[in-house]
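Participant: The structure's right below; bear with me while I get my questions together.
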Amino acid sequence: MSAVSIEKVNSKLLNFNTSDKRTELDRVTIGSKNYKRFINEFWTAKQRQANNLHEISYRACYKPQLPKFFIDLFTKSGDIVYDPFAGRGTTLIEAAILNRNIISNDINPLSRILTEPRLNIPTIQQIEERLNQIQFKDSNADINLSMFYHKDTESEIVCLRNELDSSNFIDNWIKMVCTTRLTGHSAGFFSGYTLPPNQATTQKGQVLINQKLGLSPPYKNTKEIILKKSKALQRNLSPSLIQQLFEVGKNAIFSSKDSKNTFHIPNESVRLTVTSPPFLNIVRYASDNWLRCWFNSIDSKQVEKEIVSCRTVSQWSKMMSFVFDELYRVTLPGGWIAFEVGEVNNGKIKLDEAVVPLGLKSGLDCAGIMVNSQDFTKTSNIWGINNMKVGTNTNRIVIFHKPK
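Counted from 1, the sequence shown has number 115 at position 115 by full-length UniProt numbering; the numbering is strictly sequential.
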């Protein structure tokens, strides 16, 4: 793969076109310099074109097409791709599918639980055999979950929680699937009708939902749901790809550290970082993840204390400046960073313009700002985002290059 220069990147973005769209070129002045902003639909809005392995619910996640665009552009097989705010693991799973090595970090311990099992994938037969080994017995949760689950479903969930062994790759897969199936608004989830799966209402909130709709949680067969979701996730995985993911997983680095203190990552080891940091007070960890944390024996309130929540752009920028210092350290000379920041406050705050000076201060060059503009998808709409409400209606990615 020949070296990619800033000029080549600019040319590719400017000349990128689909059958009905051409790139719009805008310029933004930041400090005393002008930077190019490229606006187009750079990847498809069709979620189905991504690998099924990505299809787990997680709030505020971007589509696999975003990291794929940059992985294809900036890396070759065997290069290291990093995400310091890994979330559900979209960047890392896509990198592994494309046969890149990966480094994953997220202060949220759920991130590893959701990502690592999708690199070491058991067969459906192994999953079914393991589920059949687990003997369901009458058990109650140590917290009140009766508003979410039929008593027999709750009993099965408690048995799964108690029996699954995190040192076993089959159990880790089952645990990952269970974590994503705990609550939702369709038949494919363990709960009765509730909020969409990337949210979790409180016990009181669920009582109100049940009363308003006149519902009580029906029985759900957890083993059947786990098997069905496992088959869906593995639908388009070939044996060779499963083996490739396993090989990538053997060399993968996972951590749950503050993204500005990742001293375990070697200097100048990363070819490409693709990431999206937390924005300004949009997502609340404990209220969103309390049930997933309970299932995985994680103290959600303790994790929330460790997550820095920024109320202003200046606070956010100060925190991100330390992150950029770390990204500069771990990035190879000639390496790249794609930093996705979206919009907040109905587009009044454009964090891409705040990000550019941070990267420059750390020693990086800014290759431009890329704006991927498209209609909303189900992923964003189901948690109350539309063009007139809080959230993002574009992907804004600031592209940085570390000089050689």
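All C-beta atoms in this analysis are idealised placements derived from N, C-alpha and C, irrespective of residue type, glycine included.
Nearest-angstrom Cα distance between G391 and C61?
Facilitator: In this prediction, G391 has a pLDDT of 43, which is less than 50 and means its spatial position is unreliable; what the coordinates show is noted afterwards. Roughly 12 angstroms between the two C-alpha positions.
Participant: Ordered along the chain, which non-local residues of its own chain (more than five positions away) have a Cβ less than 6 angstroms from that of F279?
Facilitator: Closer than 6 angstroms at Cβ, skipping near neighbours: V344.
Participant: Across which residues does DSSP place M370 in a beta bridge pair?
Facilitator: Bridge partners of M370: F38, I397.
Participant: Taking only runs of the beta strand (DSSP E) that begin and end inside the region 262–338, which ones reach a length of at least 3 residues, in chain order?
Facilitator: Entirely contained in the region 262–338, the beta strand (DSSP E) runs reaching 3 residues are, in chain order, 270–275.
Participant: So, is A3 buried or exposed, given that buried needs 16 or more other C-beta atoms within 10 angstroms?
Facilitator: Exposed is the call here.
Participant: Please list the segments of the alpha helix (DSSP H) lying wholly inside the region 234–261, counting only runs of 4 or more residues, in order along the chain.
Facilitator: Entirely contained in the region 234–261, the alpha helix (DSSP H) runs reaching 4 residues are, in chain order, 239–251.
Participant: For F42 and N372, which I take to be in contact (beta-carbon distance under 8 angstroms), what is that distance rounded to the nearest angstrom?
Facilitator: About 5 angstroms separates the two Cβ atoms, so the contact holds.
Participant: Three Cβ pairs or more, each shorter than 8 angstroms: is that satisfied between the region 206–225 and the region 145–159?
Facilitator: Yes, since at least three Cβ pairs between the region 206–225 and the region 145–159 fall closer than 8 angstroms, the two stretches touch.
Participant: Alpha carbon to alpha carbon, what distance is there between R329 and E24?
Facilitator: So the alpha carbons of these two residues sit roughly 33 angstroms apart.
Participant: Tell me which same chain residues have a C-beta within less than 7 angstroms of the C-beta of G335, skipping the five on either side of it?
Facilitator: Once the five neighbours on either side are set aside, the close Cβ partners of G335 are V270, R271, L272, K402.
Participant: Please confirm if the region 116–133 is in contact with the region 163–174, defined as three or more CB-CB distances below 8 angstroms between the two stretches.
Facilitator: Yes: the two stretches touch, three or more of their Cβ pairs being nearer than 8 angstroms.
Participant: Under 8 angstroms, with one C-beta from each stretch per pair, do the region 103–117 and the region 79–86 reach the 3-pair mark?
Facilitator: Touching, yes.
Participant: Could you give the distance in angstroms between the alpha-carbon of W294 and the alpha-carbon of Q234?
Facilitator: If you take the alpha carbons of W294 and Q234, they lie about 26 angstroms apart.
Participant: Roughly how many angstroms separate the alpha carbons of E128 and I226, rounded to a whole number?
Facilitator: C-alpha separation (whole angstroms): 9 angstroms.
Participant: Run through the UniProt domain "DNA methylase N-4/N-6" (27–109) for me and flag every whole beta strand (DSSP E) of 3 or more residues, listed as ranges in chain order.
Facilitator: Those beta strand (DSSP E) runs which fall completely within the UniProt domain "DNA methylase N-4/N-6" (27–109) and span 3+ residues are 33–40, 80–83, 101–105.
Participant: Give the DSSP bridge partners of I349, in chain order.
Facilitator: Answer by DSSP bridge pairing, in chain order: V344.
Participant: Alpha carbon to alpha carbon, what distance is there between E268 and F38?
Facilitator: Approximately 29 angstroms, taken between the alpha carbons.
Participant: Please report the straight-line C-alpha distance between K204 and L291, rounded to a whole angstrom.
Facilitator: The alpha-carbon atoms of K204 and L291 are separated by roughly 13 angstroms.
Participant: Evaluate the contact criterion for the region 302–317 versus the region 346–356: three or more CB pairs, one atom per stretch, below 8 angstroms.
Facilitator: Yes: at least three Cβ pairs fall under 8 angstroms.
Participant: Between which two residues does the alpha helix (DSSP H) carrying T153 extend?
Facilitator: 151–163 is the extent of the alpha helix (DSSP H) around T153.
Participant: Give the secondary structure of N172 by DSSP, where H, G and I count as helix, E and B as strand, and everything else as coil.
Facilitator: It is helical.
Participant: If you run the structure through DSSP and keep just helix, strand and coil, what is G188?
Facilitator: Looking at G188 - three-state DSSP - the assignment turns out to be coil, as it is neither helix nor strand.
Participant: Excluding the five sequence neighbours on either side, which residues of its own chain have a C-beta within less than 7 angstroms of the C-beta of E163, listed in chain order?
Facilitator: Here the set comprises I134.
Participant: In angstroms, rounded to a whole number, what distance separates the CA positions of P218 and C178?
Facilitator: Between P218 and C178, the C-alpha separation is close to 18 angstroms.
Participant: Output needed for Q126: all residues of its chain with C-beta closer than 8 angstroms, excluding positions within five of it in sequence on either side, in chain order.
Facilitator: Cβ neighbours of Q126 beyond the five flanking positions: I170.
Participant: Starting from L195, trace the alpha helix (DSSP H) both ways and give me its first and last residue.
Facilitator: Note, L195: premise wrong, no alpha helix (DSSP H); not H, not E.
Participant: Three or more beta-carbon pairs under 8 angstroms between the region 251–261 and the region 192–211, yes or no?
Facilitator: Segments in contact, no.
Participant: Taking C-alpha atoms, which residue in T180, L14, F324, S216 lies nearest to residue 412?
Facilitator: Past the boundaries of the shown model lies residue 412; the chain is included only from 1 to 404, so the question cannot be answered.
Participant: Can you tell which of K137, R112, N261 has the C-alpha that lies nearest to the C-alpha of R321?
Facilitator: This sequence places Ser at residue 321; Arg is not what is there. Answer by Cα proximity: N261.
Participant: Just reading off the alpha helix (DSSP H) that V207 is part of, what are its end residues?
Facilitator: Element bounds for V207: 203–213.
Participant: Just the C-alpha distance for residue 412 and Y149, rounded to the nearest angstrom, thanks.
Facilitator: With the chain running from 1 to 404 in the structure shown, residue 412 is simply not present.
Participant: State the Cα-Cα distance for the pair N210 and R161, rounded to the nearest angstrom.
Facilitator: Those two C-alpha atoms are separated by around 25 angstroms.
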